[in-house]
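In our numbering, the protein residues as written are 58 to 179.
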């Protein structure tokens, strides 16, 4: 997520300052939304609650602004490009969620707890 956020923000800033193919508000919105992925990645890695929803919100925001940008750059919404971007976002979120779940299990095991909240279920 961190890498994707930095990449998307950099791409939009290059377009804003050098190429100017899109409106300024579209580039600034893309950069701001992409930069939300940076703290989300840190929060997810640290296991702080709220990191996954923040990351999901940023990825959905990038997907939405990408639909706008695709119409302006290519005159149509390129379905396969947008589907690939959505699939990439889904994979990133699934990996983050799985990593967070694994980290919780590892922390519970290190604390001497087996991770079960209800001892009567054994």
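Even glycine gets a Cβ: it sits at the ideal position worked out from N, Cα and C.
These figures come from a predicted structure and were not determined experimentally.
Alpha carbon to alpha carbon, how far is residue i from residue j?
i	j	result
residue 123	residue 160	32 Å
residue 135	residue 143	12 Å
residue 77	residue 140	25 Å
residue 267	residue 98	A question about residue 267 goes unanswered here, because the residues of the chain that appear run from 58 up to 179.
residue 68	residue 158	32 Å
residue 133	residue 126	10 Å
residue 63	residue 96	11 Å
residue 105	residue 83	30 Å
Spatial neighbours of residue i within its chain, please: C-beta separation below 8 Å, excluding the five flanking residues on both sides.
i	result
residue 150	109, 112, 113 and 116
residue 130	78 and 79
residue 137	none
residue 107	100
Rounded to whole angstroms, how far is the Cβ of residue i from the Cβ of residue j, which I believe are closer than 8 Å?
i	j	result
residue 59	residue 100	11 Å between Cβ atoms; not a contact.
residue 73	residue 85	7 Å
residue 70	residue 88	6 Å
Can you list, in chain order, the residues of its chain whose CB lies under 7 Å from that of residue i, leaving out five sequence neighbours each side?
i	result
residue 90	115, 118, 119 and 122
residue 146	116 and 120
residue 66	88, 91 and 92
residue 128	134
Confirm the yes/no value for this check: CB of residue i, any heavy atom of the ligand ZN, distance under 7 Å.
i	result
residue 130	Ligands in the displayed structure: none, and consequently the ligand ZN is not present.
Unbroken stretches of the beta strand (DSSP E), 3 residues or longer, contained in the segment 89–145:
none
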